[in-house]
Amino acid sequence: VYRLDKKGNLVFGTVVRDYEMMNMDDSDEEESSYLKKGEVLVSWYPKYTEKVHPNISLELGNRSLMPGDVVRKISSSSGGARSQTGYCREIKVKATVAVKCSNNRVIYNVDSSDLKPIHRFPSNSAVCLEPWVGVIRKIRLRLTLAFHDGISQCIVEDGAIASFEDVNDKEQKIPPFLKRLDYYPGMTLLGPLMVFEGAEWIACSDKLRELRDRKSKKPVKVTVLKAEVKEVSVNWQCQAFIDKVGSDPESGAPDLIVGEDLMKAKILGHFQSCTVQIGDRSYYTIKEDDVIISKNEWLEREKKLFVEGRRRNDDSRCSDESEAPTTHINPKRKVSLCVNKLKGRPLKKRSKNIASELSRNLPSPYNHVIPSLYPGETVVVEVLRTKAEVDVIWQDGSLEKGIDSSELFPMHHLDDNEFFTGEFVVKASDLGGLQTYGVIQSLDYQTRITKVKWFRTYTIGSEPKLASVFKAFPKGPISDGETEESVYDLRDHPDFNYRPGSVVIKVANFDNEEFEVGLGGEVVEVYPNGKVAVSWANKKMTECWPQDYTRSESMTPTMESSGMMTRTMTRRKKKIMNSGNGRLLILINFSNRRK
Numbered sequence: 001v002y003r004l005d006k007k008g009n010l011v012f013g014t015v016v017r018d019y020e021m022m023n024m025d026d027s028d029e030e031e032s033s034y035l036k037k038g039e040v041l042v043s044w045y046p047k048y049t050e051k052v053h054p055n056i057s058l059e060l061g062n063r064s065l066m067p068g069d070v071v072r073k074i075s076s077s078s079g080g081a082r083s084q085t086g087y088c089r090e091i092k093v094k095a096t097v098a099v100k101c102s103n104n105r106v107i108y109n110v111d112s113s114d115l116k117p118i119h120r121f122p123s124n125s126a127v128c129l130e131p132w133v134g135v136i137r138k139i140r141l142r143l144t145l146a147f148h149d150g151i152s153q154c155i156v157e158d159g160a161i162a163s164f165e166d167v168n169d170k171e172q173k174i175p176p177f178l179k180r181l182d183y184y185p186g187m188t189l190l191g192p193l194m195v196f197e198g199a200e201w202i203a204c205s206d207k208l209r210e211l212r213d214r215k216s217k218k219p220v221k222v223t224v225l226k227a228e229v230k231e232v233s234v235n236w237q238c239q240a241f242i243d244k245v246g247s248d249p250e251s252g253a254p255d256l257i258v259g260e261d262l263m264k265a266k267i268l269g270h271f272q273s274c275t276v277q278i279g280d281r282s283y284y285t286i287k288e289d290d291v292i293i294s295k296n297e298w299l300e301r302e303k304k305l306f307v308e309g310r311r312r313n314d315d316s317r318c319s320d321e322s323e324a325p326t327t328h329i330n331p332k333r334k335v336s337l338c339v340n341k342l343k344g345r346p347l348k349k350r351s352k353n354i355a356s357e358l359s360r361n362l363p364s365p366y367n368h369v370i371p372s373l374y375p376g377e378t379v380v381v382e383v384l385r386t387k388a389e390v391d392v393i394w395q396d397g398s399l400e401k402g403i404d405s406s407e408l409f410p411m412h413h414l415d416d417n418e419f420f421t422g423e424f425v426v427k428a429s430d431l432g433g434l435q436t437y438g439v440i441q442s443l444d445y446q447t448r449i450t451k452v453k454w455f456r457t458y459t460i461g462s463e464p465k466l467a468s469v470f471k472a473f474p475k476g477p478i479s480d481g482e483t484e485e486s487v488y489d490l491r492d493h494p495d496f497n498y499r500p501g502s503v504v505i506k507v508a509n510f511d512n513e514e515f516e517v518g519l520g521g522e523v524v525e526v527y528p529n530g531k532v533a534v535s536w537a538n539k540k541m542t543e544c545w546p547q548d549y550t551r552s553e554s555m556t557p558t559m560e561s562s563g564m565m566t567r568t569m570t571r572r573k574k575k576i577m578n579s580g581n582g583r584l585l586i587l588i589n590f591s592n593r594r595k
């Protein structure tokens, strides 16, 4: 969301809670009473101060959605009548980002998939380590710092300098309940010298040693030379069955991922680009067609659009293409950035002649903008705002592409008779072995009649040898025709309950080739033909039948005030052994459950 502050400046923020979310929580009345109907709690960037505002005083810029979320649209032609619901299939996020250490330059509308995490292990992400799958809970960094005397260097853990300020971004205030994990090479910090008492010193100048001996409280500046992950704490959830020589099925997962295991661990981040939020820092490699303007100019353009939109009392805004500035990067322009400090090349002030030479090459309307970047340069950027377009599969089976996320409304309350294309169901009267199941093809939300494609599952004898089992598999379940059913005669399949974003692991060996794919993966899509697409930890994609999976405890994503995507998981560990069908997978659900 965004609004004009008391000084007339355009400010951006993230909604932390609204009235509906408070009612869904288990919090007591005293905790939720400060939010009234029609109000939201907003965390304002960059200081992350939280304040309650009425909805009508804010402008919705983007809605944070994830694949698998159930949404609907309000039809303006029908006077606000409720339309059918659907689920998000694919989300493309564009982000306007500020380049750190580069004189307030802004890159307009970059693809969020091109933003790479500062560290290999983003907080609250799913992680695989051999047969184990869990979620990252805590990360400890090892930082190599250089003092500004040109001699002194030391190594500390990130916790020692948690109170230090970012010299290049004094406006940003990290709340005390959030841990900073976005340290990057070239970042300059300011803080008290006394915190370095327990540091590992690589070199120390005589002057700095004297200050240390006096236990001086003098603030010092340091520059980050290197930021490495020292250890990762994981809440392990499941252990896969590994049928190979030398494996110990009774061995537990390590409490901490350290040393060589850090290289073995793999992150499941197929939908990471959808989680980008205001204030996130990432690495970005400059492209030749990137549009770069000054931050002040970008803010003025956004403010103008905001004011014009309010004046017209209309939600329509100019398209990104027509409003985007036309300044592009000249591949021949080049200037050293802060990351060059890593290579021992100090930054130098540019002469007026060089600046004027660069300026002359720019189009006349933007002569005051001097790009300080060139294609191929990797820089650290910070997200200023986001804009998402969503592909939605509606209940009638149609696919609508490129919907502005602000036109969609997430559905938090659905009854037991709402179904969506690709969902697995059984007859409500079927209380037996569930040998027959259906896949929703489409649904008429007005008549509540749905088309269902039926299958008869396959079974295999108990305790088979894995090598022979794979050869004995049929090609898949047997098709059993298609019928029209009332939604009141159907119910969710108790085991086949998948959405994009669900996390799965293998529990038995398929064959040597499939075993190499990796033990952990994420559900990418559920198809009307009855198959489920999975992206594995090594980025390979496979399609499986639902019989290859089973449901486990859910892990539900929630939004923290930091804008980071977090996941709540049960602490109970679960180990699944071969159940006799030879192709068993276990499901851990990371997506929003609707029931």
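Going by UniProt numbering, the first residue of the sequence shown is number 1, and it counts up by one from there. Every residue, glycine too, gets a C-beta built ideally from N, C-alpha and C. None of these values were measured; they are calculated from a predicted model.
query: Beta-carbon proximity list for proline 117, same chain, < 7 Å, skipping 5 on both sides; result: Ser282
query: Glycine 86 burial status per 10 Å Cβ neighbour count (16 or more: buried); result: buried
query: Which of helix, strand or coil DSSP assigns to methionine 411; result: coil
query: Beta-bridge partners of glutamate 50, as assigned by DSSP; result: Ser43
query: 7 Å Cβ shell around valine 195 - same chain, five flanking residues per side excluded; result: Ala160, Ile161
query: Identity of the residues DSSP links to tyrosine 284 by a beta bridge; result: Val379
query: Contact the region 479-490 vs the region 409-426: 3+ CB pairs below 8 Å; result: yes
query: Cβ-based burial, aspartate 255 [other Cβ within 10 Å; buried from 16]; result: exposed
query: C-alpha distance - alanine 203 paired with leucine 143, whole-angstrom precision; result: 15 Å
query: Below-8 Å beta-carbon distance, lysine 304 vs any chain C residue; result: In the structure shown, chain C does not exist; there is a single protein chain.
query: Unbroken stretches of the beta strand (DSSP E), 3 residues or longer, contained in the UniProt domain "UBE2O-like tandem tSH3-B" (125-272); result: 126-129, 132-147, 153-157, 188-192, 200-203, 219-239, 256-258, 266-268
query: Per-residue burial, leucine 187 [other beta carbons within 10 Å of its own, 16 or more giving buried]; result: For the sequence presented, residue 187 should be read as methionine rather than leucine. By the neighbour-count rule (16 or more Cβ atoms within 10 Å), methionine 187 is buried.
query: Residue environment, glycine 279, which counts as buried when at least 16 other CB atoms sit within 10 Å; result: buried
query: Own chain, CB closer than 8 Å to glutamate 525, minus 5 neighbours either side, in chain order; result: Arg89, Gly422, Pro500, Val532, Ala533
query: Secondary structure of leucine 65, DSSP reduced to three states; result: coil
query: Classification of proline 219 by the beta-carbon crowding that lies within 10 angstroms, buried from 16 upward; result: exposed
query: Distance CB(residue 597)-CB(aspartate 166) smaller than 8 Å; result: As displayed, the chain neither begins before 1 nor continues past 595, which places residue 597 out of reach and without an answer.
query: Given valine 40 as reference, the closest of Asp5, Ser64, Val70, Val1 once Cα atoms are compared; result: Val1
query: Three-way DSSP call (helix, strand, coil) for asparagine 104 in this model; result: coil
query: From Phe12, Ile440, Pro67, Leu65, residue whose alpha carbon lies closest to that of serine 43; result: Phe12
query: Per-residue DSSP class, three states only, for proline 546; result: helix
query: Nearest to threonine 447 (by Cα), restricted to the options Val425, Glu485, Gln441; result: Glu485
query: Where valine 291 sits in the DSSP three-state scheme; result: strand
query: Exposure of serine 113, with buried meaning 16 or more beta-carbon neighbours within 10 Å; result: exposed
query: Coarse secondary structure for glycine 476, derived from DSSP in three states; result: coil
query: Contact between the region 298-305 and the region 147-160 (3+ Cβ pairs under 8 Å); result: no
query: Buried or exposed by the 16-neighbour rule on C-beta atoms within 10 Å, applied to glutamine 435; result: exposed
query: Close beta carbons around glycine 402, own chain, < 6 Å, minus the five adjacent residues each side; result: Glu389
query: Local Cβ density within 10 Å of valine 258, reported as buried at 16 or more and exposed below that; result: exposed
query: Limits of the unbroken beta strand (DSSP E) element including serine 442; result: 436-444
query: Helix, strand or coil at isoleucine 56 [DSSP, three-state]; result: helix
query: Neighbourhood of lysine 6 by C-beta distance below 8 Å, restricted to the same chain and skipping five residues each side; result: none
query: Nearest residue (CA-CA) to valine 234, options Gly38, Ile293, Arg137, Ala199; result: Arg137
query: Contact under 8 Å by Cβ, tyrosine 458 with glutamine 395; result: no
query: Tyrosine 34 - partner residues in DSSP beta bridges; result: None; tyrosine 34 has no bridge partner.
query: Cut-off 6 Å between Cβ atoms - residues of its own chain near tryptophan 201, not counting five sequence neighbours on either side; result: Cys154
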